[in-house]
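Counting from 0, one number per residue, gives the positions in the sequence shown under numbering that gives the first Met the number 0.
Encoded as structure tokens, the structure appears first; notes follow it.
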Amino acid sequence: MTAFARNQWYVAAYGREIGRELLGRTILNEPIAFYRTESDDRVVALADRCVHRRYPLTAGRLDGDTVVCGYHGFTYDTGGTCVFVPGQKRVPRTARVRSYPVVEQDSLVWVWIGDPELADARSVPRAPWLADPRWTTVGGMEPIDADYGLLVDNLMDLSHETYLHGGYIGTPEVAETPITTEVDEGAGVVRVSRHMDDAECPPFYARSTGIDGRITRWQDIEYHAPCLYLLHSRIAPVGVVPEPDGSDPNAFHVEITYAITPSTDRHVYDFWAVSRDFAQDDEEVTTFLHDFNRTVVLQDVAALNQLQQALDTERAGYQELSINIDTGGLAARRILARLAAAGEEPTGTARSAAVAER
Numbered sequence: 000m001t002a003f004a005r006n007q008w009y010v011a012a013y014g015r016e017i018g019r020e021l022l023g024r025t026i027l028n029e030p031i032a033f034y035r036t037e038s039d040d041r042v043v044a045l046a047d048r049c050v051h052r053r054y055p056l057t058a059g060r061l062d063g064d065t066v067v068c069g070y071h072g073f074t075y076d077t078g079g080t081c082v083f084v085p086g087q088k089r090v091p092r093t094a095r096v097r098s099y100p101v102v103e104q105d106s107l108v109w110v111w112i113g114d115p116e117l118a119d120a121r122s123v124p125r126a127p128w129l130a131d132p133r134w135t136t137v138g139g140m141e142p143i144d145a146d147y148g149l150l151v152d153n154l155m156d157l158s159h160e161t162y163l164h165g166g167y168i169g170t171p172e173v174a175e176t177p178i179t180t181e182v183d184e185g186a187g188v189v190r191v192s193r194h195m196d197d198a199e200c201p202p203f204y205a206r207s208t209g210i211d212g213r214i215t216r217w218q219d220i221e222y223h224a225p226c227l228y229l230l231h232s233r234i235a236p237v238g239v240v241p242e243p244d245g246s247d248p249n250a251f252h253v254e255i256t257y258a259i260t261p262s263t264d265r266h267v268y269d270f271w272a273v274s275r276d277f278a279q280d281d282e283e284v285t286t287f288l289h290d291f292n293r294t295v296v297l298q299d300v301a302a303l304n305q306l307q308q309a310l311d312t313e314r315a316g317y318q319e320l321s322i323n324i325d326t327g328g329l330a331a332r333r334i335l336a337r338l339a340a341a342g343e344e345p346t347g348t349a350r351s352a353a354v355a356e357r
């Protein structure tokens with residue numbers, strides 16, 4: 000299993016998911032109840048277990064800005080303090096549930112699972128296009144029944160697009176083109192780039208942009224461990240070159256955002272979004288990109304579910320083989336292991352890996 004790094008920010012939901020109904024999410028094995036206050040519309044995150052008999056608070060209801068347990072009526076304020084106990088005037092001093100630091104930014108709601116004294120809102124990574132009116136964004140979330148490290152591996156090595164997503168986003172050039180990798184260990188950021196000068200245009204781009212012919216295609220990954228993955232994608236017809244100032248007005252830009260949030264040791268929330276700077280008011284393109292990308296995500300879901308099932312049957316001490324295209328994924332694993340070790344004991348044993356040159 001991939002160890003959890005607790006003193007980090009994780010995406011809990013899209014902002015649009017949280018309102019005046021209690022929303023339950025389990026993050027790093029901790030059940031959490033989310034809601035918006037009636038008074039100022041801010042997001043509250045409380046442990047989703049009543050202190051009395053551990054009944055889920057999400058099975059209760061909101062009364063103004065307080066949460067009423069649906070089992071015996073214990074009532075909690077936005078800070079998790081119990082303010083009412085049925086049948087008595089005195090509220091026990093220990094009657095409180097944990098509250099979690101929350102930041103709402105770029106259409107995403109982030110929650111801090113670790114020591115609240117270490118939560119710094121300034122350290123939340125950015126994906127500004129998600130809330131920028133100059134971009135049109137579609138997105139969703141799919142749960143995966145697998146170790147969250149498998150999703151990190153999947154996204155760091157896009158050569159799988161050629162094989163798993165052929166006919167959607169994959170073409171032969173993705174797997175054939177070498178990558179460059181940069182690692183900033185201190186910042187916990189891994190960058191993997193693949194630049195294709197003359198490539199087939201996959202249906203994902205051909206049908207959304209109208210390009211008919213071969214393209215230049217740039218894939219620049221920027222992974223901010225542990226949670227945020229950004230893919231800066233640029234395509235243009237072959238022969239189109241940037242302007243002298245470096246701008247490329249004749250190119251099409253797509254920002255693909257993933258938030259990788261561990262739910263439990265064997266479950267992960269796969270938040271995904273596709274943002275574009277072209278055809279922004281074209282509803283047909285919007286619907287196509289949403290449905291097409293969700294199909295791609297579901298292909299990953301099916302593959303990772305199957306991979307986890309296979310790994311669960313492996314003998315102890317098995318060894319993987321890794322090659323050059325895994326450089327970014329291996330760097331991400333190192334960073335995740337370091338972040339987890341810096342917080343507390345890991346939740347499992349990291350998988351071993353051997354590296355072979357192609």
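Even for Gly, the Cβ is constructed at its ideal location relative to N, Cα and C.
Keep in mind the model is a prediction, meaning the values are calculated, not measured.
Could you work out which residue in the options is closest to residue i when comparing CA atoms only?
{"i": "W358", "options": "T36, I255 and G14", "result": "Coverage of the chain is limited to positions 0 through 357, which leaves residue 358 absent and any answer about it impossible."}
{"i": "A11", "options": "R60, A145, L227 and L61", "result": "L227"}
{"i": "D183", "options": "V284, A336, E221 and H51", "result": "E221"}
{"i": "P225", "options": "L22, L335, S207 and V67", "result": "L335"}
{"i": "F33", "options": "Q7, D64 and F3", "result": "D64"}
{"i": "A258", "options": "L288, V296 and L56", "result": "V296"}
{"i": "D280", "options": "R95, T136, P124 and V42", "result": "T136"}
{"i": "V273", "options": "N292, Q307, A250 and A235", "result": "N292"}
{"i": "T260", "options": "R332, R19 and R24", "result": "R24"}
{"i": "E199", "options": "V110, G185 and I214", "result": "I214"}
{"i": "W8", "options": "R53, I322, P115 and A46", "result": "P115"}
{"i": "D290", "options": "P202, M195, Q305 and R337", "result": "P202"}
{"i": "E37", "options": "I17, D47 and Y54", "result": "I17"}
{"i": "G139", "options": "L129, T326, G327 and A235", "result": "L129"}
{"i": "Q308", "options": "P127, R125, Y99 and D146", "result": "D146"}
{"i": "M195", "options": "L45, G169 and Q87", "result": "G169"}
{"i": "A301", "options": "E141, S192 and G212", "result": "E141"}
Go through its chain and collect everything with a Cβ distance to residue i's Cβ below 7 Å, but skip five positions before and after it.
{"i": "S158", "result": "V173, A174 and I324"}
{"i": "R15", "result": "none"}
{"i": "R206", "result": "F287"}
{"i": "P85", "result": "H71 and G72"}
{"i": "T263", "result": "T25 and N28"}
{"i": "A4", "result": "P225, L335, L338, A339 and G342"}
{"i": "H223", "result": "P124, G187 and V188"}
Please classify residue i: does DSSP put it in a helix, a strand, or coil?
{"i": "A309", "result": "helix"}
{"i": "F291", "result": "helix"}
{"i": "Q7", "result": "coil"}
{"i": "T170", "result": "coil"}
{"i": "P255", "result": "A quick correction: the sequence has Ile, not Pro, at residue 255. In this structure, I255 counts as strand in the three-state DSSP scheme."}
{"i": "S38", "result": "coil"}
{"i": "P55", "result": "coil"}
{"i": "G18", "result": "coil"}
{"i": "T77", "result": "coil"}
{"i": "G165", "result": "strand"}
{"i": "E344", "result": "For E344, the predicted model reports a pLDDT of 36, less than 50, meaning its position is unreliable; a value from the coordinates is still stated below. E344 falls in the coil class under three-state DSSP."}
{"i": "V296", "result": "helix"}
{"i": "T263", "result": "strand"}
{"i": "T65", "result": "strand"}
Name the DSSP bridge partner or partners of residue i?
{"i": "E221", "result": "R190 and L229"}
{"i": "R216", "result": "M195 and I234"}
{"i": "S362", "result": "Only positions 0 to 357 of the chain appear in the structure, and residue 362 is not among them; the question remains open."}
{"i": "F270", "result": "M140 and A258"}
{"i": "T93", "result": "For T93, which the question treats as bridged, DSSP gives no partner whatsoever."}
{"i": "A331", "result": "Answer is none; A331 lacks a bridge partner."}
{"i": "A12", "result": "V108"}
Where do the N-terminal and C-terminal ends of the beta strand (DSSP E) with residue i fall, by residue?
{"i": "Y34", "result": "E29 to R35"}
{"i": "T179", "result": "T179 to D183"}
{"i": "D62", "result": "R60 to D62"}
{"i": "E116", "result": "No beta strand (DSSP E) contains E116, which DSSP labels as neither H nor E."}
{"i": "I143", "result": "T135 to I143"}
{"i": "V239", "result": "Note, V239: premise wrong, no beta strand (DSSP E); not H, not E."}
Got a sec? Which residues, its chain only, sit under 8 Å from residue i by beta carbon, not counting five neighbours each side?
{"i": "T93", "result": "V50"}
{"i": "Q298", "result": "L163, H164 and Y167"}
{"i": "L22", "result": "A12, E16, A32, F33, Y34 and T57"}
Leaving aside the five residues before and after residue i along the sequence, list all residues of the same chain whose C-beta is less than 6 Å from its C-beta, in chain order.
{"i": "L117", "result": "N6"}
{"i": "L230", "result": "I220 and I255"}
{"i": "V102", "result": "W109, A120 and V123"}
{"i": "F83", "result": "T74"}
For the alpha helix (DSSP H) containing residue i, list its first residue and its last residue.
{"i": "Y204", "result": "P202 to T208"}
{"i": "V151", "result": "Y147 to M155"}
Would a check of beta-carbon distances place residue i closer than 7 Å to chain B?
{"i": "A330", "result": "Checking the listed chains, one finds no chain B in this structure; it contains a single protein chain."}
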